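What follows is one structure encoded as structure tokens, with my remarks underneath.
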Amino acid sequence: MISLHYYLILGAVLFSIGAVGVFTQKNALIIYMCIELMLNSVNLTFIAFSSFLNDMNGHVFVFMIMTVAAAEAAVGLAIIISLFRNKSTVNVDEINLMKG
Amino acid sequence: MQLLMFILFSFGAVVSALLMVTSKKPVSAAMNLIFTMFCLAGIYVLLNAHLIAALQIIVYAGAIMVLFLFVIMLLNVQEKEGRAMGSRVLAQLGGILVVGFLFILVADLASVDPELVRAGGEDLFGTVRGVALVLFTDFLLPFEIASILLLAAIVGAVILAKRRIDD
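Residue numbers (our numbering), protein chains in the order written: chain R, 167 to 266; chain L, -14 to 152.
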């Protein structure tokens, strides 16, 4: 029998890997993928608690997170494409349109 | 057997997540993320969440990551330069902060109730019927709001994709 701790620690490790990626990467597409990884690790935590507490509500939250991730991917990638049209780069250091 | 599967899936998930974070090419990062998602789907099956495991593969690995790959191929970015030196210190500081956060989190997880043993034996748990019963009774309003959210995302993506609004 696998203890709940292992699932939670796996979720924490994956979340931290995603957070490190958001901090260190320069490519906007890879930063988006790191955000997806963080969402996935939160999903894992929800499912683990849901399974161990025998409560179905966690599944619904994961469903909602997937919906938000899909919406975020659609809009975020559209924003990246329009940024690429204007600046011909996806390097976040060179994107300074909002700078005053 | 269950423990062996868990070790296999978690090892695969962590290794490919690390490969994703360290890779310079977006395509290989996307492939590694897809592998991580497949491993997480296997872990969901171990946790009796069969519907979520199927959704993970169909929606995440199938739809969202295909969209990512499509955009990567569309932009055709060449990785010409490495990382900028100016913010390198900042990035390292962020990495150290995150690793410290991880240690605190793992130390904190040790205080989770160890008596919490999986109940199991529930017939409807994780099935389509079980999820739908909760989704369409207790969470009907959030479900409807999610549809509006998706509609707003579609409209936003279409408007962003148009070069300019003509009329």
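Here a beta-carbon is modelled for each residue, glycine too, at the ideal position from N, C-alpha and C. Treat the numbers as computed from the prediction; the structure is a model and nothing was measured.
Could you spell out where the alpha helix (DSSP H) holding residue i opens and where it closes?
i, result
"R/Lys253", "223 to 253"
"R/Ile196", "194 to 219"
"L/Met50", "50 to 60"
"L/Asn17", "11 to 31"
"R/Tyr173", "170 to 190"
"R/Glu260", "Counting along the chain, R/Glu260 falls outside any alpha helix (DSSP H), and DSSP gives it neither H nor E."
For residue i versus residue j, is the C-beta spacing smaller than 8 Å?
i, j, result
"R/Ala236", "R/Leu205", "no"
"R/Val258", "R/Phe250", "no"
"L/Phe110", "L/Leu120", "no"
"R/Met199", "L/Phe53", "yes"
"R/Ser216", "R/Asn223", "yes"
"L/His35", "L/Thr112", "yes"
"L/Ala146", "R/Ala244", "yes"
"L/Val83", "R/Phe189", "yes"
Around the Cβ of residue i, are there at least 16 other Cβ atoms within 10 angstroms (buried) or fewer (exposed)?
i, result
"R/Ile183", "buried"
"L/Ile43", "exposed"
"L/Ala69", "Since pLDDT at L/Ala69 reaches only 49, below the 50 mark, its modelled position is unreliable, and the value read off the structure follows with that caveat. Classification for L/Ala69: exposed."
"R/Gly242", "buried"
"L/Ile89", "exposed"
"L/Phe55", "exposed"
"L/Leu75", "exposed"
"L/Ala92", "exposed"
"L/Ser1", "buried"
"R/Ile213", "buried"
"L/Gln41", "buried"
"L/Ile19", "buried"
Alpha carbon to alpha carbon, what distance is there between residue j and residue i?
i, j, result
"L/Phe(-9)", "R/Ser169", "11 Å"
"L/Ile81", "R/Ala185", "11 Å"
"R/Ser254", "L/Gly47", "28 Å"
"L/Asn61", "L/Val12", "10 Å"
"L/Leu157", "L/Phe(-4)", "Here chain L comprises residues numbered -14 to 152, so residue 157 of chain L is not present and cannot be evaluated."
"L/Val140", "R/Met232", "19 Å"
"L/Gly79", "L/Phe86", "10 Å"
"R/Tyr173", "L/Leu59", "37 Å"
"L/Ile155", "R/Asn220", "For chain L, the structure presents residues -14 to 152; residue 155 of chain L sits outside this window and is missing."
"R/Asn193", "L/Thr21", "20 Å"
Measure from the C-beta of residue i to each C-beta in chain C and report whether the shortest distance is under 8 Å.
i, result
"L/Ser(-5)", "The displayed structure is made up of protein chains R and L, and chain C is not among them."
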